[in-house]
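Protein chains in written order, with our numbering: chain A, 1 to 452; chain B, 453 to 904.
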């Protein structure tokens, strides 16, 4: 028979069983964390009508999209979870209650040029709160709490949620009479981390042709730093000159005010006037999240407030606020950085049952009892030598092996071997189950992500 | 602005939040149930190279496949989870330990003619055990236990796992000298449930041209019924005439022998000599699962033993046994039959916190405390009238509403309203949390599926 060489497409993550277990843990933590904040899970099709998906049209995205025909239908794979959400909310408007809070963890597709750490199929893990006509600022204030709890639950400590408000930025540039130029200016300011303030100043002056006084004002503004209180105090110096600015500052104050009640420690949060998150979509609070020891990764959780989710599908004003985690990329980067906790169990089971009797009934009954006690159990009955069986146990990394010979079977007992310590003991079945459960609980105690 | 009418493609399931919660519960139960039997989760790309995916080629499937080009790549969407598994095992052979036990719950794509209850994008929930060269019969004996526990965990009681063995069928037809005709015969016998024995006999005689004696033998054989012991006894009458038959009978006896130790009640299991599950793939035990009160649905969980998982990708002999649940279709049918338990909570949260104070800090702190206690909590801060807020609580179906006015805030208390009973009480925050947790646990006690 002619054989086809098996392969997986470049840019498509396909994990081996052990890293897949780590990925599953991360997803489970995200689901739990998002649920705790009252977000309901949603699942939308991977394929949509191309004209619906591309209603907004144009841009870099359209080139990357997977688009194809089937019969006479013009189809496309979703390239994010926001456009399908907009479609969903517009389509099912009458069946939803607002504010509508949903999370979605799903695969999206972008046919980017394949390169290391870039994926064409990747998971996004999004939450959004959608209001009907209006949406209270408290929703924006709650987002840092969700980010904080989610990343803490994953095991991270050294991360910072950076927050800004687009109204403050737009209001500030309006004060300088630079509203028309604000897009170009923000794009330049965005390079601050990479090229430094001096070069940003030079670019603003030489490339954008701004006056020296305006450049000085801008550099002074983006230099505002210190504690949240210090930043807010400095911003107060600009109050009264522009309505939009004042509204943004008031919103930012609310976000900062409620941080403590929301349980966000001061060290995990910073007002940062340099972040803007794209130019035309966000209209209020914007968020980025950076790992303090890995600034090179960039933001691992970003988002913001927008005024009009579904304007391409409906006349209704549907403002919202949302954040997104690029889960596949995050997982890849964590793996590269050696930050995935190798101590957590990743075996397919907690116990491997090795029968040593002709009649397998006692071993099967023990496996059944373990499963009824919620212990993940594999029964191994292949006709192999003892050494091969133990090699298998080692290779899958199972924490416990349970032996069941004639003597144990007669006594209603089992022998349990702790594969880490190598210790073995013979116990009544019920005691063995309790022993294993306690051990498994202990082993599962750690976090998925570790910082070094 | 020109608006695009939002729509979802026909044949693509897109659920509203409440049924989506039910679907999520079902998936979570499948994940837990499969994990208990030592299956490791796997996730493979939705897109594969078309030549890899279609290595087997031909057939009805190829017409239904979503296939398209991107750049110069010829791509296709997976149409089942078995072909990607075969590719995965062949590709990663050196990194896997055998027997390799994996589960996968994922979307697959078939461009079938759209009709009610038929989906073009649907979830399959598969488990497979893959051996390297050999695979012990105990793995086949374990499958009914996995089906039993999975369906029981979903809440079903009145279902039957029907089992046959292809070696018995093939051996029997060999005895009659009808090996060459066995495919046609089995296709005809497969109509038994629909058209009855008499018509099957007529077809075998008139269409296939079998001799009267052979038809009589076949009808007698497929009429074998009764308890498992009675069926096995009747089959023993054929022993010694064909090696393959004898091997199949021995395997079937092993499967039946260990049922009790695996915890499968006799009433949920039946040997059924009429099921065959396709013609060329399965080689040993085959499984179907029917809902006793809904035979019209057909099998809701099927599979069997095969000898060669990945022959299109590798020379290695990789026998296996697996089953698959067509989850999207099952969910749809259960909904149609009114079998999804409406009593279970489907709200996005367990508690809705309604602040009644100017400063939201006490309400936010209460919400934070609830979340730290693992209670799914939504903070509602929209500027609406009280009645509108309570309408919202009703509409999302939240079990508890928590009010926090100035008096409560001062006293460190909250008022909790049970939305089912209408009763309201004022309690210290910690007591309110305990009260709500107990109530939620009680409400979550039922099963996802109910039988009427």
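Don't be surprised by glycine CBs; every beta carbon is placed ideally from N, CA and C.
Could you tell me which uninterrupted alpha helix (DSSP H) segments, each at least 4 residues in length, are contained entirely in the stretch 390-435 of chain A, listed from first to last along the chain? 406-411
Listed in chain order, which residues of the stretch 346-372 of chain A have Cβ atoms closer than 7 angstroms to some Cβ of chain B? 348, 349, 360, 361, 364, 365, 368, 371
In terms of alpha-carbon separation, which member of B:533, B:888, B:545 lies closest to residue 828 (chain B)? B:888
Quick one: what does DSSP say residue 3 (chain A) is sitting in, helix, strand or coil? If DSSP states are grouped into helix, strand and coil, residue 3 (chain A) belongs with coil.
How about residue 673 (chain B) and residue 623 (chain B): are their beta carbons less than 8 angstroms apart? no
Just checking my contact of residue 81 (chain A) with residue 124 (chain A) at CB under 8 angstroms: how many whole Å lie between their CB atoms? 5 angstroms
Under a three-way DSSP split, which group does residue 189 (chain A) fall into? helix
Environment of residue 444 (chain A) [buried if 16+ CB atoms lie within 10 Å]: exposed
Please list, in chain order, the chain A residues whose beta carbon lies closer than 7 angstroms to that of residue 594 (chain B). 379
Decide if residue 72 (chain A) is buried, meaning its Cβ has at least 16 other Cβ atoms within 10 Å, or exposed. exposed
Would you call the stretch 753-765 of chain B and the stretch 538-551 of chain B touching, i.e. three or more CB-CB distances under 8 angstroms? Yes, since at least three Cβ pairs between the stretch 753-765 of chain B and the stretch 538-551 of chain B fall closer than 8 angstroms, the two stretches touch.
Reducing DSSP to helix, strand and coil, say where residue 309 (chain A) ends up. Here residue 309 (chain A) sits in coil by DSSP.
Residue 580 (chain B) - partner residues in DSSP beta bridges: B:554, B:774.
What does residue 886 (chain B) touch in chain A if you count any residue whose Cβ is under 9 angstroms from its own? Ordered by position in chain A, no residue passes the 9 angstroms Cβ test against residue 886 (chain B), which lies about 17 angstroms from the chain.
At 7 angstroms on the CB atoms, spell out the chain B contacts of residue 46 (chain A), in chain order. Under the 7 angstroms cutoff, chain B gives 498, 559, 573.
Identify every run of the beta strand (DSSP E) within the stretch 704-751 of chain B, keeping only runs that are complete inside it and at least 3 residues long; order them along the chain. If one requires a minimum length of 3 residues, the beta strand (DSSP E) runs lying completely within the stretch 704-751 of chain B are 721-723, 734-743, in chain order.
Would a check of beta-carbon distances place residue 544 (chain B) closer than 8 angstroms to chain A? yes
Assigned secondary structure, residue 573 (chain B) (DSSP; H/G/I helix, E/B strand, else coil): strand
Of the residues that make up the stretch 829-860 of chain B, which ones have a beta carbon closer than 7 angstroms to any beta carbon in chain A? Those would be 829, 830, 831, 833, 834, 835, 844, 847, 848, in chain order.
Taking residue 491 (chain B) as the query, report the chain A residues whose CB atoms sit under 8 angstroms from its CB, ordered along the chain. 348
Is the CB-CB distance between residue 520 (chain B) and residue 68 (chain A) below 8 angstroms? yes
Closer than 8 angstroms to chain B by CB, residue 70 (chain A): yes
Since residue 314 (chain A) meets chain B, which of its residues come closer than 8 angstroms, beta carbon to beta carbon? 455, 458
When the cut-off is 8 angstroms and only beta carbons count, does residue 547 (chain B) lie next to chain A? yes
Would you check if the distance between the CB atom of residue 362 (chain A) and the CB atom of residue 399 (chain A) is smaller than 8 angstroms? no
Can you check whether the CB of residue 130 (chain A) is closer than 8 angstroms to the CB of residue 146 (chain A)? Against a cut-off of 8 angstroms, the Cβ pair of residue 130 (chain A) and residue 146 (chain A) comes out as no contact.
Given residue 792 (chain B) as reference, the closest of B:703, B:898, B:865, B:647 once Cα atoms are compared: B:898
Residue 522 (chain B) (DSSP reduced to helix, strand or coil): strand
Tell me whether residue 335 (chain A) sits in a helix, a strand or coil according to DSSP, three-state version. helix
Run through the DSSP bridge pairs and tell me what residue 159 (chain A) is partnered with. DSSP, once it has assigned bridges, lists A:291 as partnering residue 159 (chain A).
Pull up the CB-CB distance for residue 273 (chain A) and residue 544 (chain B), whole angstroms please, since I reckon it's below 8 angstroms. Not a contact, Cβ separation roughly 48 angstroms.
On the DSSP letters alone, give me the boundaries of the beta strand (DSSP E) that residue 806 (chain B) sits inside. 803-807
I'd like the ranges of any alpha helix (DSSP H) spanning at least 4 consecutive residues and lying wholly in the stretch 671-708 of chain B. 680-688
From A:371, A:385, A:406, A:387, pick the residue whose C-alpha is nearest to that of residue 430 (chain A); which is it? Measuring from the Cα of residue 430 (chain A), the nearest candidate turns out to be A:371.
List the residues of chain A whose Cβ lies closer than 8 angstroms to the Cβ of residue 563 (chain B), in chain order. Per Cβ cutoff of 8 angstroms: 70, 71.
Decide if the stretch 850-866 of chain B is in contact with the stretch 799-815 of chain B; the criterion is three or more beta carbon pairs, one per stretch, under 8 angstroms apart. The stretch 850-866 of chain B makes contact with the stretch 799-815 of chain B: 3 or more CB pairs, one atom from each, lie closer than 8 angstroms.
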